[in-house]
Amino acid sequence: MSALIMGSPPRHYGLFPLVVAWQPYLAGLTWYLPNLEAGLLTGAPPGSPIRSVLRQPRQQLWQAFAKHFQPGELSQWQAYLQYLASQEDQDEQDLRAAIRGTLAPALPPQLDGEALWSLAYQLEETLAEKQRVLAQVAAQERALAGILGEADEEERLSLPLDVTFSPLLAGGAPDLPLARLRLHFWQKILAPKLPAPWTMVVLDPAAGESSPRFLWEAAREEGQELWQAHFLLPSWPEQPPPEQDALAALELGVLFQKTLAALLAALAAAPDTAERWREELEGLIRQRLWPAAASGQAQGLRLEVMAWTSAADRTTTIPAPMVFLAPAD
Numbered sequence: 016m017s018a019l020i021m022g023s024p025p026r027h028y029g030l031f032p033l034v035v036a037w038q039p040y041l042a043g044l045t046w047y048l049p050n051l052e053a054g055l056l057t058g059a060p061p062g063s064p065i066r067s068v069l070r071q072p073r074q075q076l077w078q079a080f081a082k083h084f085q086p087g088e089l090s091q092w093q094a095y096l097q098y099l100a101s102q103e104d105q106d107e108q109d110l111r112a113a114i115r116g117t118l119a120p121a122l123p124p125q126l127d128g129e130a131l132w133s134l135a136y137q138l139e140e141t142l143a144e145k146q147r148v149l150a151q152v153a154a155q156e157r158a159l160a161g162i163l164g165e166a167d168e169e170e171r172l173s174l175p176l177d178v179t180f181s182p183l184l185a186g187g188a189p190d191l192p193l194a195r196l197r198l199h200f201w202q203k204i205l206a207p208k209l210p211a212p213w214t215m216v217v218l219d220p221a222a223g224e225s226s227p228r229f230l231w232e233a234a235r236e237e238g239q240e241l242w243q244a245h246f247l248l249p250s251w252p253e254q255p256p257p258e259q260d261a262l263a264a265l266e267l268g269v270l271f272q273k274t275l276a277a278l279l280a281a282l283a284a285a286p287d288t289a290e291r292w293r294e295e296l297e298g299l300i301r302q303r304l305w306p307a308a309a310s311g312q313a314q315g316l317r318l319e320v321m322a323w324t325s326a327a328d329r330t331t332t333i334p335a336p337m338v339f340l341a342p343a344d
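Here the sequence shown is numbered in this note's numbering, starting from 16 and rising by one per residue.
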């Protein structure tokens, strides 16, 4: 391996969004992404290799929060907190109206970390509840469609389409202001706790319609050139099967980790050199990872990397490079 791999410090990875609910596919994720940390990982089994950096915030935040504002600056946040207090009687549009626009710029630079984390946590809880409700509605619609069968084609066709939490920009309804706000919270709260160099790992299904993915897509629509690569990885078990050589599996994992780290380092420092590392990573996945995976590992992980095509294109608004991860369809 070159000095770019061997001589660089270990890369750290932070999960987006700030609050992540445990999913089975997360169990073997550190085989691919070492030093992987979450803001707050909920529902994880004992011994989870993914560490939570943050604790659940204190519920009483208003006094700590309000002292940083002039009275006229509190109106948007009051509307937001009022929504959280009575969301059963409010429409979803009230939430969007309360948080879009000048919300993030209105945050004072010296806001207490505890107050900022409390606000971010409440926002993530609201979005998670919305996702749970939509998932229930989608399940009920599928069950109804199964009951109707072909007997009433007109009524069946009138049913809403299945809900998706990772819609394409052209076919969904991405919420760019909300994506900017969640990204703002992540950068202010979690990024300072990650040793450099670090990379944001977006869990696409959890990020939903306010995923940072749509900020990249919006930049592309505005004419900016993006670097993008897709990789399909086998779902590697946390512990290799008995028939596999544990040392060989460990060495293969380290080789993948270092090659990915080299690709990310190249994208951050000299994007014009990144193609070499993309090709090396693709060859490693195709020639060694999939053949070494156990025969039952048909399911996979979809890993995607986005970055700017040149260092001059970089912006502090969107940290780059950025990794997107989801179970393969």
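The beta carbon of each residue, even a glycine, is placed where N, CA and C say it ideally should be.
Around the Cβ of residue 52, a 10 Å sphere holds 16 or more other Cβ atoms; the residue is buried. In the assembly as shown, residue 226 is a buried residue. Its beta-carbon has 16 or more other beta-carbons within 10 Å.
Taking the C-beta atoms as reference points, residue 189 is found nearer than 8 Å to residue 229. Beta bridge pairing from DSSP links residue 213 with 27. In the DSSP assignment, residue 192 falls within the alpha helix (DSSP H) that extends over 191 to 204. Our two residues, residue 326 and residue 279, have alpha carbons roughly 13 Å apart in a direct line.
Going by C-alpha positions, residue 57 is about 23 Å away from residue 337.
Counting the other Cβ atoms within 10 Å of the Cβ of residue 214 gives 16 or more, which makes it buried.
For residue 208, same chain residues with a beta-carbon under 6 Å away, outside a window of 5 residues either side, are 68 in chain order. Going by beta carbons, residue 299 and residue 270 fall inside the 8 Å limit. In terms of Cβ geometry, residue 200 and residue 135 form a close pair [threshold 8 Å]. Cβ contact annotation for residue 241 (same chain, cutoff 8 Å, sequence separation greater than five): 231, 234, 235, 321, 322, 323, 324, in chain order. Scanning its chain for C-beta atoms nearer than 8 Å, with the 5 sequence neighbours on each side dropped, one finds around residue 333 the residues 198, 227, 230, 231, 234, in chain order. Taking C-beta atoms under 8 Å as the contact rule, residue 55 and residue 34 qualify, at a distance of about 5 Å.
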